[in-house]
Amino acid sequence: MANIMTVLNMLEEIEISMKNLYQWLSEEFSDDLELYRFFQRMSREEETHAGMVRYQKRLIRQNPDSFDEVSVDLSELREFLQFISSIPEKQSNLTAEKALKLAIELEGMDEERMYRDVIVESYPALKELIHNLTRSDEEHCVFLKNFARRYLDASPSAENKKH
Ligand SMILES: [Fe+2]
Ligand SMILES: [Fe+2]
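The structure is reproduced here in structure tokens:
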């Protein structure tokens with residue numbers, strides 16, 4: 001059982017952990033201005049997504065009726081969150097190619113997408129927010145793939161380049 005605020009707090013935490021992950025990646029590649037700026041921009045955009053969740057929290061607070069407990073299993077969302085947070089300590093010999101692939105993978109995680117459908121079913125009030133967050137992920141995927149193609153083509157040695 002969880003109420004809508006618990007779910008929103010978790011969604012916010014996921015956006016913040018993505019923001020931190022991109023911030024970390026930008027610092028890992030701080031000697032490569034193009035990559036640094038790219039990951040910084042991704043990080044700022046995740047902050048914007050967190051802001052979308054916070055806005056929804058403000059709306060919900062004005063409507064106490066929506067605080068009903070709903071039976072929803074948050075364990076998968078929690079696992080996803082732990083997974084993102086544990087990434088920096090698990091990475092060694094990170095190359096630009098690896099970092100970009102990792103980001104593309106995270107933005108397209110089916111596990112998280114599936115979970116979003118469960119949230120919308122349990123909390124119809126969150127439909128628009130969930131839709132917007134999903135669209136943001138899709139935009140990130142496209143943006144990442146385009147950048148990766150351009151970047152890796154332009155510097156064939158990038159896959160071997162250690163930070
Ligand atoms: Fe996001
Ligand atoms: Fe994203």
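Mapped onto our numbering, the consecutive letters of the sequence shown carry residue numbers 1 to 163.
Quick reminder that beta carbons are idealized off the backbone N, C-alpha and C, glycines included.
Computed from a prediction, not measured in an experiment: that's the story for all the values here.
- In this structure, the alpha-carbon of Arg116 lies about 7 Å from that of Ile130.
- Distances from the CB of Leu133 to the heavy atoms of ligand 1 include at least one below 7 Å.
- At a Cβ-Cβ threshold of 8 Å, Leu21 and Ile87 count as neighbours.
- For Thr95, no alpha helix (DSSP H) run applies, since DSSP gives it neither H nor E.
- Per DSSP, the continuous alpha helix (DSSP H) segment holding Leu35 begins and ends at 33-61.
- A distance of 8 Å or more separates the beta carbons of Leu33 and Ala96.
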